[in-house]
């Protein structure tokens, strides 16, 4: 279930950088198979930070963790990167928690990038070390099936602004799903598989949403391919942040 505390961080986080690391140091996070998360070139202190972020947001917990070829690997219970059913939402809640934890410890996400030619691959997330920022909130937007838009961990005022932004006429139904973890808009037509005029229209609506979120002080933090998707069909998830 979604908990507001995932958007908050303790004010006790130290601004001191790890002694073996300097500003501009780079590290990366990879999503592997259907259930693994690996940290590469992060200081060992970040292992416990990410462990806590996972355990506080992924109720299935961890199956194992270990050193792996110079990386540190967490093996999660369940299959968060399959992106099906309730795990599709819960895995994004977990990613919000991980991104937030890293951000508040001074690890700034530079990019999410695809550097693999494997089928059903997922993005690589590259971070750069900097000075830890002030407290920041996060939420996510996912594009599901052919016609569903989900806001995960978003504030209520932003949820209320969506119909006004994209037009109530394009919304067939809206509701909380998965124990009020995400707010879902079922749209008319098939915007995520659209061709022709509908493809253009759906992108105009997405640009309007970006305008709306920006007007509320939110900025795009990352666009991440984090799931295999059904039959290999998947879309990125958008993550937004705003200083508190």
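Residue numbers (my numbering): 9 to 252.
Even for Gly, the Cβ is constructed at its ideal location relative to N, Cα and C.
Computed from a predicted model, the values in this text were never measured in an experiment.
Asked, Found
"Excluding five sequence neighbours on each side, which residues of the same chain lie with their C-beta closer than 8 Å to the C-beta of residue 236?", "42, 89, 90, 91, 128, 130 and 242"
"Among 228, 207 and 187, whose alpha-carbon lies nearest the alpha-carbon of residue 154?", "207"
"Return helix, strand or coil for residue 246, following the three-state DSSP convention.", "strand"
"Quick one: what's got a C-beta closer than 7 Å to residue 233's C-beta in the same chain, skipping five residues either side?", "122, 130, 131, 242 and 244"
"If you drop the 5 nearest sequence neighbours on each side, which residues of the same chain put their C-beta closer than 8 Å to that of residue 31?", "25, 137, 138 and 139"
"Closest to residue 44 by C-alpha separation, out of 72, 182 and 64, would be which residue?", "72"
"Quick check: what's the CA-CA separation for residue 296 versus residue 166?", "Here the chain covers residues 9 to 252 and nothing more, so residue 296 does not appear."
"On a CA-only basis, which of 115, 247 and 196 is nearest residue 49? Give me that one, please.", "115"
"Which of helix, strand or coil does DSSP assign to residue 85?", "coil"
"Among 247, 221 and 218, which has the Cα closest to the Cα of residue 230?", "247"
"As an exercise, report each continuous alpha helix (DSSP H) stretch of at least 4 residues that is fully enclosed by the segment 93-156, in chain order.", "93-112"
"From residue 152 to residue 190, what distance separates their C-alpha atoms?", "12 Å"
"Going by beta-carbon coordinates alone, are residue 249 and residue 82 separated by less than 7 Å?", "no"
"Within 10 Å of its beta-carbon, does residue 94 have 16 or more other beta-carbons around it, so buried, or fewer, so exposed?", "exposed"
"Would you identify the three-state DSSP class for residue 236, choosing helix, strand or coil?", "coil"
"Give the straight-line distance between the Cα atoms of residue 252 and residue 144, rounded to the nearest whole angstrom.", "5 Å"
"State the DSSP-derived secondary structure class of residue 32, mapped to helix, strand or coil.", "coil"
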